[in-house]
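Asker: One structure coming up, written as structure tokens, with questions to follow.
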Amino acid sequence: MALNSPEAVAQQNAAMKAQLAHVTSLVNKYCNVATSLAGKELTIEEHVKQSGIHTTVVQEAHKLLNAIKGPVDTLFCHFENVAHTGAVRALLDMGVFQALPFDGSSKTAETLSKELNADKELIVRLMRNATIWGPFKEVGVQKYVHTPYSLVYLVPQLSACFKLGQRVLSRPGPAPRIFQTKWMDCPFREVLSQCETTDDTPLVIDVGGGRGHTITQIKQYTGEGIKGRFILQESQIALDDITGELPGIEQQAYDFFTPQLVKDALIYYFRHVLHDWPDAACLDILRNVAVGITDKKRQRVVIADHILPEKGADAEAAWMDMTMLTLTGTERTEKQWRKLLDDAGFTVTRTFRGSGTNYAAIEAFLR
Ligand SMILES: C[S@@+](CC[C@H](N)C(=O)[O-])C[C@H]1O[C@@H](n2cnc3c(N)ncnc32)[C@H](O)[C@@H]1O
1 MALNSPEAVA QQNAAMKAQL AHVTSLVNKY CNVATSLAGK ELTIEEHVKQ SGIHTTVVQE
61 AHKLLNAIKG PVDTLFCHFE NVAHTGAVRA LLDMGVFQAL PFDGSSKTAE TLSKELNADK
121 ELIVRLMRNA TIWGPFKEVG VQKYVHTPYS LVYLVPQLSA CFKLGQRVLS RPGPAPRIFQ
181 TKWMDCPFRE VLSQCETTDD TPLVIDVGGG RGHTITQIKQ YTGEGIKGRF ILQESQIALD
241 DITGELPGIE QQAYDFFTPQ LVKDALIYYF RHVLHDWPDA ACLDILRNVA VGITDKKRQR
301 VVIADHILPE KGADAEAAWM DMTMLTLTGT ERTEKQWRKL LDDAGFTVTR TFRGSGTNYA
361 AIEAFLR
């Protein structure tokens, strides 16, 4: 069918209108949920529900754009995206984000060039890319202002994430540390309170726990009244990096490719660790943790990682998996997690997951 034939045009019009109607109805649904939850302290379930609908709206809005652009222009989006990302990265490194006024007033390319000792034409060319759909706004000839979408790059953690994400996606390197707000996790207090413990009982060991941010949170979730120890196990290099206090948390240098040093912990916890590694390495890690398990009914591992759906993964899951690919790791579906744990001698007893999020946890016992 010729692209401009009446049939082809009618088909494309119908596709655009159908997708627009679909997106409109989803936006209404999202607005209703957001309104009903506005001003509330959200539970994890409510947060997950809201973010799940939001993810669907965004995905379907992307499809609407594709329907409007058509297949050929959609292919050319790759060029747009690469150029846009490169321009934003260069403007960050040149200092343009810092040099533009934060109060919403404008600056010209001429002024920016003088202040930053940078080539004016280069600024104009980069800004051409960075003002099409943001993050900056072009308010006159070679005149630019910040918007909320550019100011966000000034949050140090976010601009570091942006730079690191680019590096990780383009070549092997350390995994990004993403800040999660929609994580379904093990009900620590419920699990720990079912066991008799003493002050010496290792309650939770966060293996490869980074700077201790998660084990600190787990201790908080657990609350008062349960006797026992919370332990952070990490490489010595990572432990040396910890500058602040971690009240109530023991720190132990440990290489998870060697047999577990602490026996009898109730929970050996791995968060965002196993997805960095291929199956063969995960089997070594899990077999090493098994060394610490002397009571197969009482002790367990909990793995907090993504569980990908078998079908219909969202964009975040897809790009995270690409990141893991660069480290020779992988995100896994439930089937893959079950097979991995089974091969290591564990049986999965429960998964903790919610609709609308891939962030989940898996509980498994040694057979
Ligand atoms: C992706 S980070 C996850 C950190 C933390 N669990 C979190 O969720 O934020 C992986 C962690 O594994 C640690 N790690 C890597 N190899 C290790 C090893 N052989 N033994 C112990 N920890 C290791 C790294 O230092 C890093 O902190």
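Under full-length UniProt numbering, read the sequence shown as residues 1 to 367, first letter to last. Don't be surprised by glycine CBs; every beta carbon is placed ideally from N, CA and C.
Relative to the C-alpha of VAL301, which candidate in LEU246, THR216, PHE188 has its C-alpha closest?
Answerer: Out of LEU246, THR216, PHE188, PHE188 has the C-alpha closest to the C-alpha of VAL301.
Asker: Where does TYR221 fall in DSSP's three states?
Answerer: DSSP places TYR221 in helix when its eight states are reduced to three.
Asker: Indicate the three-state DSSP secondary structure (helix, strand or coil) for LEU203 in the structure shown.
Answerer: In this structure, LEU203 counts as strand in the three-state DSSP scheme.
Asker: In whole angstroms, what is the alpha-carbon distance linking GLN194 and SER150?
Answerer: Whole-angstrom Cα-Cα distance: 49 Å.
Asker: Use the C-beta contact count for ARG271: other C-beta atoms within 10 angstroms, 16 or more gives buried, fewer gives exposed.
Answerer: The residue in question, ARG271, is buried, as its Cβ has 16 or more Cβ neighbours within 10 Å.
Asker: Starting from the C-beta of PHE97, find all residues in its chain whose C-beta is less than 7 Å away, skip the five residues before and the five after it, and write them out in chain order.
Answerer: Same-chain partners within the cutoff: LEU91, SER150, TYR153, LEU154.
Asker: Sorted by chain position, which residues of the same chain lie with C-beta nearer than 6 Å to LEU126's C-beta, five sequence neighbours on each side aside?
Answerer: Within the same chain, LEU126 has close Cβ partners ALA87, ALA90, LEU91.
Asker: Check whether the region 199-208 touches the region 227-244, counting contact only when three or more Cβ pairs, one atom from each stretch, lie closer than 8 Å.
Answerer: Yes, the region 199-208 is in contact with the region 227-244.
Asker: CA-CA distance, THR349 and MET322?
Answerer: Computed Cα separation, rounded: 29 Å.
Asker: Under three-state DSSP, which class holds GLU196?
Answerer: GLU196 falls in the coil class under three-state DSSP.
Asker: Please find out if some non-hydrogen atom of ligand 1 comes closer than 7 Å to the beta-carbon of GLY209.
Answerer: The answer is yes for GLY209.
Asker: Suppose only complete runs of 4+ residues qualify. What are the alpha helix (DSSP H) ranges in the region 1-62, listed by chain order?
Answerer: Counting only runs of 4 or more, we get 6-37.
Asker: With distances taken Cα to Cα, identify the nearest neighbour of ASP185 among TYR359, ALA10, LEU3, SER5.
Answerer: With distances taken between Cα atoms, ASP185 lies closest to TYR359.
Asker: Would SER355 pass as a contact of VAL72 if the rule is Cβ separation under 8 Å?
Answerer: Not in contact: SER355 and VAL72 (Cβ atoms no closer than 8 Å).
Asker: What residue range is occupied by the uninterrupted beta strand (DSSP E) comprising VAL348?
Answerer: 346-352 is the span of the beta strand (DSSP E), which, as asked, contains VAL348.
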